[in-house]
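**Q** Residue numbering for the sequence shown is 988 to 1207, as defined by this note's numbering.
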Amino acid sequence: MIYITGDVHGDLSDLDSRNIGKLKKNDTLIITGDFGFIWDNSKNELKTLKKLSKKKFLILFVEGVHENFDLLNQYENVELFGSKAKKIADNIYCLNRGEIYTIEDKSIFCLGGGDVDDPIEKIDNDPLGSISMPTDEELQYAVDNLQKNKRKVDVIITHEAPASVKRLIRRDSNINDLNMFLDTLLHNVKYKNWYFGSLHTDRVLSNNLCCVWQNVIKLD
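(1) Beta-carbon within less than 7 Å of ASP957's beta-carbon, same chain only, minus the 5 sequence neighbours each way: which residues are those?
(2) Skipping 5 residues on each side, what residues in its chain have a beta carbon closer than 6 Å to that of ILE1143?
(3) Measuring alpha carbon to alpha carbon, tell me which of ASP1057, PHE1022, GLY1100, THR1145 ends up nearest ILE1079.
(4) Hey, is the region 1019-1033 in contact with the region 1055-1075, meaning 3+ C-beta pairs nearer than 8 Å?
(5) Measure how close the beta-carbons of ASN1136 and SER1094 come, nearest whole angstrom, since I'm counting them as under 8 Å.
(6) Considering ASN1180, what are the terminal residues of the beta strand (DSSP E) in which it resides?
(7) What are the start and end residues of the beta strand (DSSP E) that includes ILE1118?
(8) Look up PHE1056 in the DSSP assignment and say whether it is helix, strand or coil.
(9) Going by other Cβ atoms of all chains shown within 10 Å of its Cβ, with 16 needed for buried, is LEU1098 buried or exposed?
(10) Flag this pair as touching only if the region 1121-1139 and the region 1022-1042 have three or more C-beta atom pairs under 8 Å; answer yes or no.
(11) Counting only beta-carbon separations shorter than 7 Å, does CYS1081 have a partner in chain C?
(12) On the CB-based measure, 16 or more other CB atoms within 10 Å of its CB, does GLY1116 come out buried or exposed?
(13) By how many angstroms is the C-alpha of LEU999 removed from the C-alpha of LYS1009?
(14) What ranges does the beta strand (DSSP E) occupy inside the region 1120-1195, keeping only unbroken runs of at least 3 residues that lie completely in it?
(15) Near ALA1076, which residues of its chain fall below 6 Å by C-beta distance, leaving aside the five closest residues on each side in sequence?
(16) How should HIS1187 be labelled, buried or exposed, when 16 other C-beta atoms within 10 angstroms of its C-beta is the threshold for buried?
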């Protein structure tokens, strides 16, 4: 089975406190950004990653904002579910921007990355000056992949929310270029379910749109 959860920010105790005990061998957990376990390459962090690598299920994540992208980009890209992903450990992978993966017969489009609303927070949480927003090339790659798939997928996984949805949840939210891009996808791509993180709330917007944080949602 496939399960979805939200930001964990490198906090193993937070992840373990969620309802992940039900996950079994051959299950998959997808984290909607701000994985955060690849941050400073410290001994403590490597020890934590080793603990994660012993989980019996597969852990996949899209990039959020609070990642160390320079460290993350040093990991090898490998074949995974019909596309490319960065291999962190035998059971941990970063799902690349704009890729479409086939997991348990479901086509899953992924587009990680984003921007923080607070400029001060952005500086404090971007240790090497990395770019957390997708580039124009990455967005075009995403569009091309969706076009090849006839603009139809089963599931969309992003960190950021479409602009209109973001404002629906928080009326005072800043809207960035990625939010606007996702708003375009919202109206031009057919999908069954869309899960996004970043807003730190668990809220079902409709039958197929869901903001996820600490809930662990089973993908039907």
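Ideal Cβ positions, reconstructed from N, Cα and C, are used throughout, including at glycine.
**A** Inspection of the coordinates gives the following:
(1) Nothing in the structure corresponds to residue 957, since the chain is present only between 988 and 1207.
(2) Position 156 of the sequence shown, counting from 1, holds the residue named residue 1143. Correct list, in chain order: PHE1096, TYR1178, TRP1181.
(3) Here residue 1079 refers to the residue found at position 92 when the sequence shown is read from its first residue. Ranking ASP1057, PHE1022, GLY1100, THR1145 by Cα distance to ILE1079 puts PHE1022 first.
(4) The way I'd put it, the region 1019-1033 does touch the region 1055-1075; three or more beta-carbon pairs between them come closer than 8 Å.
(5) For the purposes of this step, residue 1136 is taken as the residue at position 149 of the sequence shown. For the purposes of this step, residue 1094 is taken as the residue at position 107 of the sequence shown. By a beta-carbon distance limit of 8 Å, ASN1136 contacts SER1094. Their separation comes to about 7 Å.
(6) Within the sequence shown, numbered from 1, the residue matching residue 1180 stands at position 193. Counted as a single uninterrupted DSSP element, the beta strand (DSSP E) harbouring ASN1180 occupies residues 1180-1183.
(7) One-based indexing of the sequence shown puts residue 1118 at position 131. ILE1118: not part of any beta strand (DSSP E); DSSP gives it neither H nor E.
(8) Start at 1 with the first residue of the sequence shown, and residue 1056 comes out as number 69. DSSP places PHE1056 in helix when its eight states are reduced to three.
(9) In the sequence shown, counting from the first residue as 1, residue 1098 sits at position 111. Within a 10 Å sphere around the beta-carbon of LEU1098 sit 16 or more other beta-carbons, which makes this residue buried.
(10) The region 1121-1139 vs the region 1022-1042: no contact.
(11) Of the chains in the structure shown, none is chain C; there is only one protein chain.
(12) Taking the first residue of the sequence shown as position 1, residue 1116 is located at position 129. In this predicted model, GLY1116 has a pLDDT of only 41, less than 50, meaning its place in the structure is not dependable enough to derive any value.
(13) As a position in the sequence shown, residue 1009 is number 22, starting the count at 1. As a position in the sequence shown, residue 999 is number 12, starting the count at 1. In this model, LYS1009 and LEU999 are separated by some 17 Å (Cα to Cα).
(14) Along the length of the region 1120-1195, whole beta strand (DSSP E) runs at least 3 residues long occupy 1142-1145, 1180-1183, reported in chain order.
(15) Within the sequence shown, numbered from 1, the residue matching residue 1076 stands at position 89. Leaving aside the five residues that flank ALA1076 on each side, the residues in its chain whose CB is nearer than 6 Å to its CB run, in chain order, SER1040.
(16) Here the question's residue 1187 lines up with position 200 in the sequence shown. Burial state of HIS1187 is exposed, judged by a 10 Å Cβ sphere holding fewer than 16 other Cβ atoms.
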